[in-house]
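This report concerns only the one structure given below.
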Amino acid sequence: MRRRAGLGAIQQQQLAAEKYKDKGTNLQESQFEQMTKQMEVFRMKLEEFAVKHKQDIRKNSHFRKQFQEMCAAIGVDPLAAGKGFWSVLGIGDFYYELSVQVVEVCLAANHNTGRSLLHIRRKELSMLY
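Listed below in structure tokens is the structure:
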């Protein structure tokens, strides 16, 4: 008889462990679902914030840096041009415009810097051969 009581206790412990495991799994799934919803709400609020402060983000480099750091902390890449609200905001346009300005400055300064860069490049190439 004692063996049956021991076997029954083990079965009850196993049943209790399964119930705890099921409850833990349900709780984990519920928390994951809630976190997913919260992140979606946060993304929408971030979108609204970015639209509202579009000009500040584009013009103020310190503010833009802080905005980018915040986005990076949550896994959003504002530098990635493409689909999504970043292109709607013109964030990609900002960097396109910036690159155009950099090229214009380089072309305008080519007569001053081009010769020195060419000289340095020739020197590097001559060292290779």
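If you're matching positions, the sequence shown starts at 0 in numbering that gives the first Met the number 0 and goes up one per residue.
Beta carbons: idealized from backbone N, C-alpha and C, even for Gly.
Measuring C-alpha to C-alpha distances from Ala49 to each of Leu26, Lys122, Thr35 and Gln65 identifies Gln65 as the nearest. Each of Leu127, Cys70 and Gln12 was checked against the Cα of Met43, and the nearest Cα belongs to Cys70.
Pairing Arg63 with Ile56 gives a Cβ-Cβ distance under 7 Å. Residue state for His52 is assigned as coil, using DSSP reduced to three classes. The continuous alpha helix (DSSP H) containing Ala72 extends over residues Ser60 to Ala72. Ala108 carries a coil assignment under DSSP once its states are collapsed to helix, strand and coil.
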